[in-house]
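In this note's numbering, the protein residues as written are 21 to 464.
Every residue, glycine too, gets a C-beta built ideally from N, C-alpha and C.
Predicted model only: the values in this text are computed from it and were never measured.
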């Protein structure tokens with residue numbers, strides 16, 4: 021039989037102690053919720069098309085009067101109207117206005133673009149301010165009825181909400197119900213306003229990511245700091261709202277949107293379930309990662325909205341990994357929550373099963389290791405130690421790795437080798453806490 025030193029070398033790296041084994045299983049059920057404009061409509065907030073109709077009635081829209089009939093007839097949304105205003109500023113150079121307006125772009129309308137160009141700033145700024153104001157006052161009672169059941173899922177799962185909406189409905193419900201959430205903002209001092217701190221993202225069981233900013237996000241000209249403040253700071257020199265409006269999607273690559281986007285992609289990859297509520301996926305930064313992940317066989321997405329079937333067909337080419345639920349969110353929420361909870365229980369059951377199987381495997385491996393040690397260290401090798409006259413430790417409470425029985429010394433553990441204590445000169449087989457089991461001397 022080989023010596024104890026040879027055994028120690030042979031068993032190096034074969035530790036099977038169940039107490040230190042890291043069972044690599046996902047500890048939480050990851051639920052990703054993607055909210056679009058359709059999720060805010062039940063809260064009394066206007067849709068994109070409704071915003072355009074209401075804006076055309078304001079004084080800031082007077083310079084759009086020549087386009088008004090066309091806009092109403094074709095039911096333009098905010099994105100298309102912003103594109104018109106931006107392109108008119110360039111007088112149709114990039115891209116040409118005839119591409120946007122088609123057959124409606126007559127010679128008469130071309131002349132009107134010059135006048136609109138002269139008044140670009142008042143029309144453009146007026147529209148952005150109108151959009152912001154339209155998102156300021158969600159119905160908190162309806163918001164609580166709609167969102168609170170979703171937020172309560174944080175007690176059973178890790179809930180990550182990604183929204184392209186600007187309103188503060190989620191935050192208002194959390195504040196009213198005293199629900200803690202993380203959105204990347206933190207205060208440096210108790211009385212300071214919260215500033216964006218990317219290192220705080222990805223923590224907590226309820227996480228909120230506002231991919232297009234918010235009505236209460238602001239920054240200064242340096243754009244080094246983004247802060248959250250509910251006051252209306254429009255008109256204050258040097259400050260600007262942090263909102264990505266439709267047709268400004270290139271700003272999504274700027275700070276802090278790029279950081280939020282990276283968390284969005286990572287969360288999609290880690291999710292156990294993804295549910296999109298009221299989203300049409302017109303933003304390529306939201307739809308493109310999903311399109312890429314649809315190539316993964318296990319990837320699943322559920323779309324809940326009036327136009328779910330249309331979105332599935334037009335945006336995702338009717339992919340089989342997408343489930344469309346053509347319902348209003350308020351009609352789906354009760355049954356949807358039940359389905360999610362059922363899925364979470366199934367996940368928990370599967371996780372417990374995997375943990376139990378892992379423990380059984382670990383115990384089996386440990387038993388095999390102990391049997392191997394016993395076969396390698398013969399009784400004769402222990403007897404030879406006793407005849408040297410050096411004291412042998414015979415304690416009974418050293419650790420699971422060394423105990424004394426009536427049949428001799430029983431050795432269990434990870435890395436066993438012959439040791440000699442420099443203090444009391446006892447010889448022993450033990451290497452758990454690097455201390456002599458006889459006198460307690462720290463061994464080098």
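What residue ranges within the region 328-408 form continuous beta strand (DSSP E) runs of no fewer than 3 residues, ordered along the chain?
-> 342-345
Report yes if the C-beta distance between residue 50 and residue 281 is below 8 Å; otherwise report no.
-> By 1-based counting over the chain shown, the position of residue 50 is 30. By 1-based counting over the chain shown, the position of residue 281 is 261. Cβ atoms of residue 50 and residue 281: not closer than 8 Å.
Measuring CA to CA, which of 385, 64, 216 is closest to residue 154?
-> Numbered from 1 along the chain shown, position 134 holds the residue referred to as residue 154. Checked all of 385, 64, 216; the closest Cα to residue 154 is 64.
Where residue 262 and residue 144 are concerned, what is the direct C-alpha to C-alpha distance, given to the nearest angstrom?
-> Taking the chain shown and counting its residues from 1, one reaches residue 262 at position 242. Taking the chain shown and counting its residues from 1, one reaches residue 144 at position 124. Rounded to the nearest angstrom, the two C-alpha atoms are 16 Å apart.
Report yes if the CB atom of residue 223 is closer than 8 Å to the CB atom of residue 195, and no otherwise.
-> Against the chain shown, residue 223 aligns to sequence position 203. Against the chain shown, residue 195 aligns to sequence position 175. Cβ distance not < 8 Å, so residue 223 and residue 195 don't count as in contact.
Terminal residues of the continuous beta strand (DSSP E) containing residue 185?
-> Mapped onto the chain shown, residue 185 falls at position 165. Run containing residue 185: none; DSSP gives neither H nor E here.
Got a sec, what are the start and stop residues for the alpha helix (DSSP H) residue 58 sits in?
-> Here residue 58 refers to the residue found at position 38 when the chain shown is read from its first residue. Element bounds for residue 58: 57-60.
Rounded straight-line distance, which links the Cα of residue 232 to that of residue 335 = Taking the first residue of the chain shown as 1, we reach residue 335 at position 315. Taking the first residue of the chain shown as 1, we reach residue 232 at position 212. Cα to Cα, residue 335 sits roughly 20 Å from residue 232.
Secondary structure of residue 174, DSSP reduced to three states = On the chain shown, residue 174 is found 154 positions in, with the first residue counted as 1. If DSSP states are grouped into helix, strand and coil, residue 174 belongs with the helices.
Closest by C-alpha distance to residue 348, when choosing among 318, 166, 235 = Indexing the chain shown from 1 puts residue 348 at position 328. Closest by alpha carbon: 166.
By how many angstroms is the C-alpha of residue 190 removed from the C-alpha of residue 207?
-> Taking the first residue of the chain shown as position 1, residue 207 is located at position 187. Taking the first residue of the chain shown as position 1, residue 190 is located at position 170. Whole-angstrom Cα-Cα distance: 20 Å.
Close beta carbons around residue 98, own chain, < 7 Å, minus the five adjacent residues each side | In the chain shown, counting from the first residue as 1, residue 98 sits at position 78. Within the same chain, residue 98 has close Cβ partners 68, 71, 72, 151, 266.
Keeping to the same chain, check which residues put their C-beta closer than 8 Å to that of residue 217; ignore five residues upstream and five downstream.
-> In the chain shown, counting from the first residue as 1, residue 217 sits at position 197. Counting only Cβ-Cβ distances below 8 Å, and skipping sequence neighbours, we find 204, 205, 206.
Compute the distance between the beta-carbons of residue 314 and residue 283, then report whether it is under 8 Å.
-> Looking up residue 314 in the chain shown gives position 294. Looking up residue 283 in the chain shown gives position 263. No. Outside cutoff.
Have a look at 158, 77, 309 and flag the residue whose alpha-carbon is nearest the alpha-carbon of residue 319.
-> Residue numbering aside, residue 319 sits at position 299 when the chain shown is read from its first letter. If we check each option's Cα against that of residue 319, 309 comes out closest.
Can you grab the Cα-Cα spacing for the pair residue 173 / residue 250, in whole Å?
-> Within the chain shown, the letter at position 153 stands for residue 173. Within the chain shown, the letter at position 230 stands for residue 250. Cα-Cα distance, rounded: 27 Å.
Contacts around residue 89, its chain only, beta-carbon distance under 8 Å, and the 5 residues preceding and following it disregarded | Indexing the chain shown from 1 puts residue 89 at position 69. Counting only Cβ-Cβ distances below 8 Å, and skipping sequence neighbours, we find nothing.
Neighbour-count burial assignment, residue 460, 16 or more Cβ in a 10 Å radius = Looking up residue 460 in the chain shown gives position 440. Classification for residue 460: exposed.
In this structure, does DSSP put residue 326 in helix, strand or coil?
-> Taking the chain shown and counting its residues from 1, the one referred to as residue 326 is at position 306. Looking at residue 326 - three-state DSSP - the assignment turns out to be coil, as it is neither helix nor strand.
Extent of the continuous beta strand (DSSP E) run through residue 247 = Indexing the chain shown from 1 puts residue 247 at position 227. First-last of the beta strand (DSSP E) with residue 247: 246-248.
Backbone CA spacing between residue 377 and residue 364 [nearest angstrom] = Walking along the chain shown from the start, residue 377 turns up at place 357. Walking along the chain shown from the start, residue 364 turns up at place 344. Their backbone Cα atoms lie some 20 Å apart in a straight line.
Using only alpha-carbon positions, find the residue among 85, 58, 259 that is nearest to residue 325.
-> Against the chain shown, residue 325 aligns to sequence position 305. Closest by alpha carbon: 58.
Is residue 188 near residue 246, with beta carbons less than 8 Å apart?
-> Stepping through the chain shown from its first residue, residue 188 is reached at position 168. Stepping through the chain shown from its first residue, residue 246 is reached at position 226. Cβ distance not < 8 Å, so residue 188 and residue 246 don't count as in contact.
Got a sec, what are the start and stop residues for the alpha helix (DSSP H) residue 72 sits in?
-> In the chain shown, counting from the first residue as 1, residue 72 sits at position 52. Unbroken alpha helix (DSSP H) run through residue 72: 68-75.
Short Cβ contact (8 Å threshold) for residue 322 with residue 295 = Counted from its first residue, the chain shown places residue 322 at position 302. Counted from its first residue, the chain shown places residue 295 at position 275. Yes; because the gap between Cβ atoms is below 8 Å, this pair is in contact.
May I have the straight-line CA-CA distance separating residue 186 from residue 230, to the nearest angstrom?
-> Translated into positions along the chain shown, residue 186 becomes position 166. Translated into positions along the chain shown, residue 230 becomes position 210. So the two alpha carbons sit approximately 8 Å from each other.
Do you know offhand how far residue 428's Cα is from residue 463's?
-> Taking the first residue of the chain shown as 1, we reach residue 428 at position 408. Taking the first residue of the chain shown as 1, we reach residue 463 at position 443. With a pLDDT of only 36 at residue 428, under the threshold of 50, the placement of this residue in the model should not be trusted, and no figure is reported.
How many angstroms separate the CA atom of residue 85 from the CA atom of residue 168?
-> Position 65 of the chain shown, counting from 1, holds the residue named residue 85. Position 148 of the chain shown, counting from 1, holds the residue named residue 168. Using only the alpha carbons, I get a separation of about 43 Å.
Helix, strand or coil for residue 460 per DSSP?
-> Stepping through the chain shown from its first residue, residue 460 is reached at position 440. DSSP places residue 460 in coil when its eight states are reduced to three.
Tell me whether residue 229 sits in a helix, a strand or coil according to DSSP, three-state version.
-> Indexing the chain shown from 1 puts residue 229 at position 209. Strand.
Output yes or no for whether 8 Å exceeds the beta carbon distance between residue 226 and residue 179.
-> By 1-based counting over the chain shown, the position of residue 226 is 206. By 1-based counting over the chain shown, the position of residue 179 is 159. Taking 8 Å as the Cβ cut-off, residue 226 and residue 179 qualify as a contacting pair.
For residue 288 versus residue 440, is the C-beta spacing smaller than 8 Å?
-> Looking up residue 288 in the chain shown gives position 268. Looking up residue 440 in the chain shown gives position 420. Cβ atoms of residue 288 and residue 440: not closer than 8 Å.
Starting from residue 295, follow its DSSP beta bridges and name the residues at the other end.
-> For the purposes of this step, residue 295 is taken as residue 275 along the chain shown, with counting starting at 1. 53, 322.
Opposite residue 263 in the DSSP bridges: which residues?
-> For this step, residue 263 is matched to residue 243 along the chain shown. Answer is 233, bridged to residue 263.
What is the rounded straight-line gap between the Cα of residue 285 and the Cα of residue 277?
-> By one-based count along the chain shown, residue 285 stands at place 265. By one-based count along the chain shown, residue 277 stands at place 257. Their backbone Cα atoms lie some 12 Å apart in a straight line.
Short check: CB of residue 62 to CB of residue 162, under 8 Å?
-> As a position in the chain shown, residue 62 is number 42, starting the count at 1. As a position in the chain shown, residue 162 is number 142, starting the count at 1. Yes; because the gap between Cβ atoms is below 8 Å, this pair is in contact.
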